[in-house]
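J.:
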Amino acid sequence: MTSEVEAKIRAVLNRMVEGWRQANPRLLQGAFDPEDPNISLIVPENHVPLYGQAAINRYFDRIAANFPDVRVELKDLRMTQLGEFTHVFSDLLTFVIMPDYGSEPRIFQAKNFLVRARATIVLRKRGEEWYVVHYHESVPWEPPTGAKWEQPV
26 MTSEVEAKIR
36 AVLNRMVEGW
46 RQANPRLLQG
56 AFDPEDPNIS
66 LIVPENHVPL
76 YGQAAINRYF
86 DRIAANFPDV
96 RVELKDLRMT
106 QLGEFTHVFS
116 DLLTFVIMPD
126 YGSEPRIFQA
136 KNFLVRARAT
146 IVLRKRGEEW
156 YVVHYHESVP
166 WEPPTGAKWE
176 QPV
């Protein structure tokens, strides 16, 4: 993979990270290939995969409207280019959720809540641009509570 391709891939991923930080659905939605009807999004909080731009747009609109302040880091990236596709794996996608509960009862004991996740992302090159065609985020499961992976910070 050339340094130019890697820089373009990182730019797409950085826009997604910024979309989470700003709770900006347009930045998140814009990372996905607008011409591919089969793009997919798999996230732990959704019970079924989402397919197509309309479903993914609805998800990001809904989640961004209800998302608390968050810090996001995408670390330990491994990238493999296969022609017009690039596979990216991040072993440490970190969300620090900083909920503003207002008058609502607190769900967590700590104000800040850390979620360590993994992400597998497949991007496709269209013209000179790269777009996400598949995004799969998962949280390593630690029965019965997941306490090892979700912990107050």
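Using the working numbering, the first residue of the sequence shown is number 26, and each one after it goes up by one. Built from N, CA and C at the ideal position, the CB exists for glycine as well.
1) Go ahead and pull the three-state DSSP assignment for residue 67.
2) Consult DSSP for residue 142 and reduce its assignment to one of helix, strand or coil.
3) Straight-line CA distance for residue 132 to residue 50?
4) Report back the beta-carbon spacing between residue 81 and residue 66 to the nearest angstrom; my notes put them in contact at under 8 Å.
5) What is the C-beta distance between residue 34 and residue 159, in whole angstroms, given that I count them as a contact (C-beta under 8 Å)?
6) Hey, residue 69 and residue 164: beta-carbon distance below 7 Å or not?
7) Taking the alpha carbon of residue 147 as the point to measure from, which residue in 116, 153, 106, 141 has its own alpha carbon closest?
8) What are the partner residues of residue 110, as DSSP defines its beta bridges?
9) Alpha carbon to alpha carbon, what distance is there between residue 153 and residue 32?
10) Determine the closest residue to residue 260 out of 27, 161, 45, 97, with distance taken between C-alpha atoms.
11) Where does residue 101 land, buried or exposed, given buried means 16+ other C-beta within 10 angstroms?
12) So is residue 29 buried or exposed if we call it buried at 16+ other beta carbons inside 10 Å?
13) Buried or exposed for residue 127, please, with buried defined as at least 16 other CB atoms from any protein chain shown within 10 angstroms of its CB.
T.: Looking at the atomic coordinates:
1) strand
2) strand
3) Residue confidence for residue 132 is low, a pLDDT of 46 falling below 50, so the modelled location carries little weight and cannot support an answer.
4) 5 Å
5) Rounded, the Cβ-Cβ distance is 14 Å, inconsistent with contact.
6) yes
7) 106
8) 107, 149
9) 12 Å
10) Since the first residue of the chain shown is 26 and the last is 178, residue 260 is not available in this structure.
11) exposed
12) exposed
13) The pLDDT assigned to residue 127 is 49, lower than 50, so where the model puts this residue is not dependable; a value taken from the coordinates is nonetheless given after this. Exposed.
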